[in-house]
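Worksheet: the structure to be examined is printed underneath.
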Amino acid sequence: MRIAGADVIVTSPGRNFVTLEITTDDGLVGYGDATLNGRELAAASYLRDHVVPLLIGRDAHKIEDTWQYLYRGAYWRRGPVTMAAIAAVDVALWDIKAKAAGMPLYQLLGGASRTGIRAYGHASGRDLPELLDSVRARQAEGFRSIRVQSGVPGLETIYGISARGKDYEPAGRHPLPNEETWDTRAYLRHLPTVFEAVRNEFGPELPLLHDCHHRLTPIQAAKLGKALEPYDLFWLEDCTPAENQEALRLVREHTTTPLAIGEVFNTAFDYQTLIREQLIDYVRSAVTHTGGVTAMRKLFDYAGLYQVKTGIHGPTDISPVGMAAGLHLDLAIHNFGIQEFMPHSAETYEVFRRSYTFEDGYLHPGETPGIGVELDKKAAEKFEYEPAYLPVNRLRDGTLHDW
Ligand code: EZ4
Ligand code: CO
Numbered sequence: 007m008r009i010a011g012a013d014v015i016v017t018s019p020g021r022n023f024v025t026l027e028i029t030t031d032d033g034l035v036g037y038g039d040a041t042l043n044g045r046e047l048a049a050a051s052y053l054r055d056h057v058v059p060l061l062i063g064r065d066a067h068k069i070e071d072t073w074q075y076l077y078r079g080a081y082w083r084r085g086p087v088t089m090a091a092i093a094a095v096d097v098a099l100w101d102i103k104a105k106a107a108g109m110p111l112y113q114l115l116g117g118a119s120r121t122g123i124r125a126y127g128h129a130s131g132r133d134l135p136e137l138l139d140s141v142r143a144r145q146a147e148g149f150r151s152i153r154v155q156s157g158v159p160g161l162e163t164i165y166g167i168s169a170r171g172k173d174y175e176p177a178g179r180h181p182l183p184n185e186e187t188w189d190t191r192a193y194l195r196h197l198p199t200v201f202e203a204v205r206n207e208f209g210p211e212l213p214l215l216h217d218c219h220h221r222l223t224p225i226q227a228a229k230l231g232k233a234l235e236p237y238d239l240f241w242l243e244d245c246t247p248a249e250n251q252e253a254l255r256l257v258r259e260h261t262t263t264p265l266a267i268g269e270v271f272n273t274a275f276d277y278q279t280l281i282r283e284q285l286i287d288y289v290r291s292a293v294t295h296t297g298g299v300t301a302m303r304k305l306f307d308y309a310g311l312y313q314v315k316t317g318i319h320g321p322t323d324i325s326p327v328g329m330a331a332g333l334h335l336d337l338a339i340h341n342f343g344i345q346e347f348m349p350h351s352a353e354t355y356e357v358f359r360r361s362y363t364f365e366d367g368y369l370h371p372g373e374t375p376g377i378g379v380e381l382d383k384k385a386a387e388k389f390e391y392e393p394a395y396l397p398v399n400r401l402r403d404g405t406l407h408d409w
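The sequence shown lines up with residues 7 to 409 when you count with the numbering used here.
If you want it as structure tokens, here you go:
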């Protein structure tokens, strides 16, 4: 089975997505996601200009060899653009292989290790009453684990907080990024009071998560982890900037709050110290940003040796194709932890027809052969690309800060 064609589709049904469509000489079609929020066209060009010409005529069954060919063959290794492009090829080839086998992908990964995939949803509020309502809304949708993000008195717009009743979408369709203002001391004072109130309202059972979005120094993160211990978090995410693996040593020495990190990582090497020294509890990589199913499987198996579990990144900037690929891994691997799930808009689902389901707090990839997501090209054409950027963050004196 040879690769006969490869097409890169940039579409914007509610937000931008980059999709690779590979076709084989016997008529099978596979999809992969290369969406890199705010830098989409770089991944599209990497694929179109430098990868597609290498794919035509290759044996579609040789997934590992193609992965190594694109990774080692580029000479310039790693990086978000490269790894998103490799991920798209890898997932499209797994989709094709599973379709050729007539099985859902998870069967090729060893079969199901569980009946459903525990998912967490996002609750947020500009103030406490709004936040409590938002937690109730997620519960009503079926979520049994909930990420809690709260506004901070004195700060206007911050990461993770949507307008009342609306879904959060950080990328804005502006010619320039929005600028937000940040104050770490105000945040560190306020957040423990929020978790105290949420625990009082919903009791001790409900698993609660929180995302610091890389904004703290190691000692600030240590202080926050300690302050949140009475509220028994499922995890504290991205407490320090991701580049510095050693930072987590200091945090770990001071708190038993479980730690999750990795949504901006793109290879297993970014986790080497973190996993080997057991400085984290959950790896947050997404299939789309970490080189595909092939690379994720290796990362998860490595993490499993150290009792580190998974928590695949699942924001709306992972397309339904990338989401579905992650769900097959979630179902098959042993060391699954939890899956983030931000449902996509109706427009997105019009372009990406999916077989995965969410019911009673659990996701399932479905039984369709392949990964179970098909792109409707006609529908995709209706939604033209629009430049969009993630916001930037500044301290009160204007210093640029992690967002
Ligand atoms: O801000 O994917 O845990 N989820 C997150 C996301 C990220 C976006 C950035 O594109 O941190 O909401
Ligand atoms: Co995050």
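Just so you know, even glycine gets a beta-carbon here, dropped at the ideal spot from N, CA and C.
- The Cβ atoms of I152 and L212 sit closer than 8 Å to each other.
- The beta carbon of E269 sits closer than 7 Å to at least one heavy atom of the ligand CO.
- For K105, there is no enclosing beta strand (DSSP E); the residue is part of the alpha helix (DSSP H) that begins and ends at P86 to A107.
- Pairing Y37 with L381 gives a Cβ-Cβ distance under 8 Å.
- V379 and L34 have their C-alpha atoms roughly 14 Å apart.
- Contact check for H295 and P86: beta-carbon distance about 6 Å, within the 8 Å limit, so the pair qualifies.
- If only complete runs of 4 or more residues are kept, the region 127 to 162 shows the alpha helix (DSSP H) at 134 to 147, in order along the chain.
- In this chain, the beta strand (DSSP E) harbouring Q345 covers F342 to E346.
- Counted as a single uninterrupted DSSP element, the beta strand (DSSP E) harbouring G36 occupies residues V35 to D39.
- Where I225 is concerned, there is no enclosing beta strand (DSSP E), although the alpha helix (DSSP H) around it starts and stops at P224 to L234.
- Relative to the ligand EZ4, the beta carbon of L396 is positioned inside 7 Å of a heavy atom.
- Relative to the non-hydrogen atoms of the ligand CO, the Cβ of H219 comes within a distance shorter than 7 Å of at least one.
- Note on geometry: alpha-carbon atoms of F149 and E346 lie some 11 Å from one another.
- For D336, the three-state secondary structure derived from DSSP is helix.
- Within the model, the alpha-carbon separation for E353 versus R179 is close to 16 Å.
- Of the residues F358, T316, M348 and A385, the one whose Cα lies closest to the Cα of A338 is T316.
- DSSP, read as helix, strand or coil, puts T187 in strand.
- Excluding the 5 residues flanking it on each side, L182 has same chain C-beta neighbours closer than 8 Å at Y395, in chain order.
- With a cutoff of 8 Å on beta-carbon distance, E356 and S18 are scored as not near each other.
- Short note on E356: C-beta not closer than 7 Å to any heavy atom of the ligand CO.
- Contact annotation: the region 275 to 282 touches the region 298 to 311, with at least three C-beta pairs closer than 8 Å.
- Rounded to the nearest angstrom, the gap between the Cα atoms of A385 and D408 is 37 Å.
- In this structure, the ligand EZ4 has no non-hydrogen atom nearer than 7 Å to the beta-carbon of N250.
- Residue side-chain check: E243 places its Cβ nearer than 7 Å to a non-hydrogen atom of the ligand CO.
- Of all C-beta pairs linking the region 355 to 370 to the region 193 to 203, fewer than three are shorter than 8 Å, placing the two stretches out of contact.
- Per the coordinates, the alpha-carbon of G209 lies some 47 Å from the alpha-carbon of R83.
- With a cut-off of 8 Å on Cβ pairs, the region 259 to 277 is in contact with the region 227 to 246, counting three or more such pairs.
- Note that the C-beta distance between E207 and L138 is below 8 Å.
- In this chain, the alpha helix (DSSP H) harbouring L305 covers G298 to L311.
- The criterion of a C-beta distance shorter than 8 Å is not satisfied by R144 and T190.
- W241 is bridged by DSSP to L215.
- Looking only at P224, H340, Y126 and V200, the smallest Cα-Cα distance to H319 is reached by Y126.
- Distances between the C-beta of E346 and the heavy atoms of the ligand EZ4 include at least one below 7 Å.
- Taking all protein chains shown into account, N399 has 16 or more neighbouring C-beta atoms within 10 Å of its C-beta and is therefore buried.
- Counting other Cβ atoms within 10 Å of its Cβ, G376 reaches 16 or more and is therefore classed as buried.
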